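Numbering (the working numbering), first residue to last: 1377 to 1658. We put the CB at the ideal spot given by N, CA and C, even for glycine. All values derive from a computational prediction rather than experimental measurement. Each remark here refers to the structure printed beneath this line.
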């Protein structure tokens, strides 16, 4: 068993009378690709927002290693070793690819205000080091040849890759990817799957939200499933794919009855690609 790097215990979040996350417990182990799936509105991105300090749970605990994340603000997370991407791409569209990634690199900068203002030798050396790391992150994501182009000129799939490069340059221990394959064509998705494996192979643990079941089942070590804020399944990809509660959440009761008659193994991935049972939001 690998060491647990992220641990959620009985985590609940309420917005007034709405329970967005309802007593969820799950863990992420060092060195794995861990997936979190569920129909739209299940609470997946809310879990990411709880882990990254956007929201604070009403009850329960979130621990990163030995440290509690309850109450830790988002701007502190890069220093702790956590980075994320977003469901809706958040790039500086009028800046170059290199400038976008350098923004992520500067979260690791140590030069103070005086060094930046007067451009002291330690500051200049640090800038050179950070620029090299930004270049390496772009190269890892296959974007180094476009380093000087504006982010807004990239096709959608490459914008996704740029956002991952910006997250990687902070050298995280845990990388949260929120629907990284969204908007990609099949060839781009296949390349992304290989890239995520390579990220894992560098020693970075990956926690993934994704609707494309081909991606999820193709790269994940373990999969947890949410529905209406509750965890309804957790296990190996093959186990989750065959779970009756998961099938019902995606297909509805009619789909469950049909499943009993015909056992269509590919039905769940296809419906998941189309957004599941039609809940609103994530």
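Give the range of the alpha helix (DSSP H) segment to which residue i is assigned.
{"i": "residue 1589", "result": "1589-1595"}
{"i": "residue 1422", "result": "1420-1427"}
Once DSSP output is grouped into helix, strand and coil, what is the label at residue i?
{"i": "residue 1620", "result": "helix"}
{"i": "residue 1436", "result": "strand"}
{"i": "residue 1394", "result": "strand"}
{"i": "residue 1603", "result": "strand"}
{"i": "residue 1387", "result": "strand"}
{"i": "residue 1466", "result": "coil"}
{"i": "residue 1637", "result": "A caution first: residue 1637 carries a pLDDT of 40, below 50, which makes its placement in the model unreliable, though a value can still be read off. It is helical."}
{"i": "residue 1457", "result": "coil"}
Quick test of your reading: residue i and residue j, contact by CB under 8 Å. State the CB separation rounded to the nearest angstrom.
{"i": "residue 1604", "j": "residue 1411", "result": "Their Cβ separation, rounded to whole angstroms, is 19 Å, which puts residue 1604 and residue 1411 out of contact at 8 Å."}
{"i": "residue 1518", "j": "residue 1536", "result": "Going by Cβ atoms, the distance from residue 1518 to residue 1536 rounds to 12 Å, so no, they are not a contact pair."}
{"i": "residue 1427", "j": "residue 1438", "result": "6 Å"}
{"i": "residue 1335", "j": "residue 1433", "result": "Residue 1335 is absent from the structure shown; the chain starts at 1377 and stops at 1658."}
{"i": "residue 1625", "j": "residue 1414", "result": "7 Å"}
Quick check: what's the CA-CA separation for residue i versus residue j?
{"i": "residue 1382", "j": "residue 1404", "result": "5 Å"}
{"i": "residue 1630", "j": "residue 1423", "result": "Note on residue 1630: pLDDT 45, under 50, position unreliable in the model; the coordinate value appears next. If I take the Cα positions, the gap works out to 29 Å."}
{"i": "residue 1557", "j": "residue 1592", "result": "10 Å"}
{"i": "residue 1468", "j": "residue 1527", "result": "7 Å"}
{"i": "residue 1379", "j": "residue 1581", "result": "11 Å"}
{"i": "residue 1390", "j": "residue 1621", "result": "24 Å"}
{"i": "residue 1614", "j": "residue 1585", "result": "17 Å"}
{"i": "residue 1402", "j": "residue 1472", "result": "38 Å"}
{"i": "residue 1612", "j": "residue 1470", "result": "42 Å"}
{"i": "residue 1392", "j": "residue 1420", "result": "19 Å"}
{"i": "residue 1606", "j": "residue 1443", "result": "25 Å"}
{"i": "residue 1514", "j": "residue 1477", "result": "8 Å"}
{"i": "residue 1598", "j": "residue 1530", "result": "33 Å"}
{"i": "residue 1367", "j": "residue 1560", "result": "There is simply no residue 1367 to check, as the chain begins at 1377 and stops at 1658 in what is shown."}
{"i": "residue 1623", "j": "residue 1569", "result": "24 Å"}
{"i": "residue 1578", "j": "residue 1524", "result": "26 Å"}
Would you kindly report the start and end of the unbroken beta strand (DSSP E) that includes residue i?
{"i": "residue 1584", "result": "1581-1585"}
{"i": "residue 1412", "result": "1409-1413"}
{"i": "residue 1479", "result": "First-last for residue 1479: 1473-1481, but that is the alpha helix (DSSP H), not the beta strand (DSSP E)."}
Nearest chain D C-beta to residue i closer than 7 Å, yes or no?
{"i": "residue 1437", "result": "Protein chains in the displayed structure number just one, and chain D is not present."}
### Query
Where in the segment 1502-1579 do unbroken runs of the beta strand (DSSP E), each at least 3 residues long, occur, reported from the N-terminal end onward?
1550-1554
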